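Protein chains in written order, with the numbering used here: chain A, 72 to 270; chain B, 72 to 270; chain C, 72 to 270; chain D, 72 to 270.
To start, the structure itself, in structure tokens.
There are 4 protein chains.
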Amino acid sequence: MHKTRLEAFSDGVIAIIITIMVLELKVPHGDSFAALRPLLPVVLSYVLSFVYVGIYWNNHHHLLTGVTRISGGVLWANLHLLFWLSMTPVATGWMGENHFAPATLALYGVVLLMSALAFSILQNRLLAVNGRNSTLGQALGHDWKGKVSPLLYCVGIGSSFFNTWVSGACYVLVALLWLAPDPRIERALAATKPAEAEA
Amino acid sequence: MHKTRLEAFSDGVIAIIITIMVLELKVPHGDSFAALRPLLPVVLSYVLSFVYVGIYWNNHHHLLTGVTRISGGVLWANLHLLFWLSMTPVATGWMGENHFAPATLALYGVVLLMSALAFSILQNRLLAVNGRNSTLGQALGHDWKGKVSPLLYCVGIGSSFFNTWVSGACYVLVALLWLAPDPRIERALAATKPAEAEA
Amino acid sequence: MHKTRLEAFSDGVIAIIITIMVLELKVPHGDSFAALRPLLPVVLSYVLSFVYVGIYWNNHHHLLTGVTRISGGVLWANLHLLFWLSMTPVATGWMGENHFAPATLALYGVVLLMSALAFSILQNRLLAVNGRNSTLGQALGHDWKGKVSPLLYCVGIGSSFFNTWVSGACYVLVALLWLAPDPRIERALAATKPAEAEA
Amino acid sequence: MHKTRLEAFSDGVIAIIITIMVLELKVPHGDSFAALRPLLPVVLSYVLSFVYVGIYWNNHHHLLTGVTRISGGVLWANLHLLFWLSMTPVATGWMGENHFAPATLALYGVVLLMSALAFSILQNRLLAVNGRNSTLGQALGHDWKGKVSPLLYCVGIGSSFFNTWVSGACYVLVALLWLAPDPRIERALAATKPAEAEA
């Protein structure tokens, strides 16, 4: 019961965050395709953030699958993650409207970094409650992506003041890392018997 | 479990998209009925998009009913569909506020076309994972609507620069095609025994 | 399964409608209580609409409890109801910002009336699919409130051009009718055994 | 069934409230960090409200866990609570944009106080329906936090006109009170057997 409502609430908040970003896509003035031109950087930043929030939803989903116990600390670690994710739309809008200016890229990276840290905290809280030998503990394994991503975010934040292209490339690279199918997870999903998947 | 959260998340995003479009209906200035006049094209475009998003919700619902297995690729194919659907409100607002100008009708058609393609990709991903002999595979059958719709969208996009009425008619026609009760689905629903429908 | 997603989607849309109305409550300019004064009619109209949408959620909830079968027509009757409910925020905002001017009260009444008709249609669709002897058919009984409400909405719409107080009183009266505890429903709820209520 | 939809609807509304507040964080004009400066009080007020709404979600969650019976009065007591929570975003935005001016702090306190009273009413309605000897009745115990909070809100409201720092400190203090892990709840959660937690 506890876990179900935690998932439902998180799904709700993440669904709203991912859709609220579209509200930054203001209806353009003018009725020609030229009127769409200024929207391009906003759309690009929206696509990137959509992918990021999608990655978090996927990972949140997988994280909670192997979990059986919840604590008050887990509830708050989860809300902490949702807080940083909820900062994504405003950081995205700022970056897109200012054509990826240095300060906006840096702030975007900070929001990504804090979300990643919040995810780690939630992961650790869940491991503490469920035990390292739980399904969750075994599923996480080495988690090299979780260790590389914060480093790349830091590079992205630092480089934003020197070369915005390097900075943007870092953020895109992390997204691609997570988008690539993860053999570990695919194996786990394939192992799920249809009957279970039907829930 | 996987499938349940996929459905819940999609329901959340689609529910938000369908309701966020109303935010484009800005409270009119002036307190007479005349003040409502400029809202008319916006309301018309809203009605069309409401029906379209409703159709996608219905079809998404039916698509996942016959499904038992989910993969990482399915999760992303689903997010890809939600991305294009989330573009509907801004395309709708642009079209309504500019009284169905050519470029706005073309963009609207592109969003519809991309949503249709995204739905096909999701369908194919699900078939690949669940097998062509699954309940899903049999339920889909010939799927002539799914094949005709993209063609009509293309006609709508192409004709928008010559005759906006033809273009609009194409989009309305596809919506009516899907609104008409589908004997295939009705039969499947009727076959559901009450006990199952109670879930 | 069908019913569960229908409920979840409707819950989502109604939850968004009820909360989106708050967005009409624009943050006032000025930091004194006097700055809140112009917000008063907006807040009043918001309270009325909050109660109305709450009534619809309650009734929707009760309506679907006794239901076991769903059809394609039910899905669309439900979307039709959600469409009219989604018009509530903009009608509410228009009424509040124009201090309950005649035309705004009339439009508000029209939205209420159409929502009531849409609810009747949904009810009839469900009765047609589930049968008059189903739990639903018996629970509905005489449904005098459902018959009196549209009449009062019509009186409200008609009187808005002569006396806005009479019009407003009609809308408040209908809300109070539905807010009053319904012995029929209370009895049905009390009869629910705890084990069932636990779901 | 009843309880499930009550929880789902409340989760939806609370998820929207907590995310809608971010919409008050308007994308800043200018692309330097200096452009972020005016956002600081808005972000601070947002953090406080995020924590408050999070506390209500947690408490709502725990309140309904021990509940087996629902009545029409409970549904309305719940909607009443959601109404006051839905006032949080506009009160937060007003407070943040006016740098915690006296009247804005007082109004914020009133919204917090009314939410707390609404929560008490919901709690009492649930106790009346489920009985003081139910799991819920035993879990609530002395509930000293529930008694101290309204007092602190009153102090906060009263002091806002003399010293805004005292007022703000009251609101922060209540949030910290509820954030601190509650041994009662932790014990209850720890007692949940994994099998049950899996739901």
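Glycine included, each C-beta is placed from N, C-alpha and C at the ideal position.
Values in this document were obtained by computation on a predicted structure and should not be read as measured data.
Against chain C: residues of the segment 114-146 of chain B by CB proximity under 7 Å:
121, 125, 128, 129, 132 and 136
Contact defined as beta carbons within less than 8 Å: I believe residue 103(D) pairs with residue 174(A). What is the distance between those atoms, to the nearest angstrom?
5 Å
Taking buried to mean at least 16 other C-beta atoms within 10 Å of its own C-beta, is residue 247(D) buried or exposed?
exposed
Between the segment 94-106 of chain D and chain A, which residues of the former have a C-beta closer than 9 Å to a C-beta of the latter?
94, 96, 97, 98, 99, 100, 101, 102, 103, 104, 105 and 106
Buried/exposed call for residue 233(A), threshold 16 Cβ in 10 Å:
exposed
Classify residue 98(D) as buried or exposed, calling it buried when 16 or more other Cβ atoms lie within 10 Å of its own Cβ.
buried
So which residues of chain D does residue 76(A) contact, with C-beta pairs closer than 7 Å?
78, 82 and 132
With a floor of 3 residues, list each beta strand (DSSP E) that falls wholly inside the segment 179-236 of chain C, ordered by position along the chain.
none
Kindly list the residues whose CB is nearer than 8 Å to the CB of residue 235(A), restricted to its own chain and excluding five residues on each side of it in sequence; keep chain order.
171, 172, 173 and 176
In three-state terms, what does DSSP make of residue 135(C)?
helix
If contact is defined by three or more beta carbon pairs under 8 Å, each pair taking one atom from either stretch, is the segment 122-131 of chain A in contact with the segment 104-113 of chain D?
no
According to DSSP, is residue 98(A) part of a helix, a strand, or is it coil?
coil
Taking Cβ-Cβ distances below 8 Å as the criterion, which residues of the segment 150-166 of chain A are in contact with chain D?
150, 153, 154, 157, 158, 160, 161, 164 and 165
Which chain D residues are close to residue 89(C), counting only those with a beta carbon under 8 Å from its beta carbon?
84, 153 and 157
Local Cβ density within 10 Å of residue 195(A), reported as buried at 16 or more and exposed below that:
exposed
Secondary structure at residue 76(B), three-state DSSP: helix, strand or coil?
helix
What is the C-beta distance between residue 113(D) and residue 90(C), in whole angstroms, given that I count them as a contact (C-beta under 8 Å)?
So it is not a contact: roughly 20 Å between Cβ atoms.
Taking 9 Å as the cut-off, decide whether the C-beta atoms of residue 87(B) and residue 152(B) are in contact.
no
Alpha-carbon to alpha-carbon, residue 149(C) and residue 134(C)
11 Å
Suppose contacts are defined by Cβ-Cβ distances below 9 Å. Is residue 227(D) in contact with residue 242(D) by that definition?
yes
Between the CA atoms of residue 215(B) and residue 225(B) - distance to the nearest angstrom
16 Å
Cβ-based burial, residue 199(B) [other Cβ within 10 Å; buried from 16]
exposed
Counting only the same chain and skipping the five closest in sequence on each side, list residues whose C-beta sits under 6 Å from that of residue 186(D).
155 and 156
Find out if the Cβ-Cβ distance for the pair residue 95(A), residue 180(A) is shorter than 9 Å.
no
Just how far apart, CA to CA, sit residue 201(B) and residue 142(B)?
10 Å
For the candidate residues 93(C), 105(C), 138(C) and 101(C), whose alpha-carbon lies nearest to that of residue 116(C)?
93(C)
Does any C-beta atom of chain B lie closer than 9 Å to the C-beta of residue 272(C)?
Because chain C spans 72 through 270 in this model, residue 272(C) falls outside it and cannot be assessed.
With a threshold of 16 other CB atoms inside 10 Å of the CB of residue 119(D), please say whether the residue is buried or exposed.
buried
Taking the alpha helix (DSSP H) that residue 166(A) falls in, what are its first and last residues?
159-168
Whole angstroms are fine: how far does the CA of residue 169(A) sit from the CA of residue 123(C)?
42 Å
Determine the DSSP secondary structure at residue 88(A), reduced to helix, strand or coil.
helix
Would residue 235(D) pass as an interface residue toward chain C - the criterion being a Cβ-Cβ separation below 9 Å?
no
Near residue 136(D), what residues of its chain come up, given a Cβ to Cβ distance below 7 Å and the 5 sequence neighbours on each side ignored?
none
Between residue 132(C) and residue 190(C), is the Cβ-Cβ spacing less than 9 Å?
no
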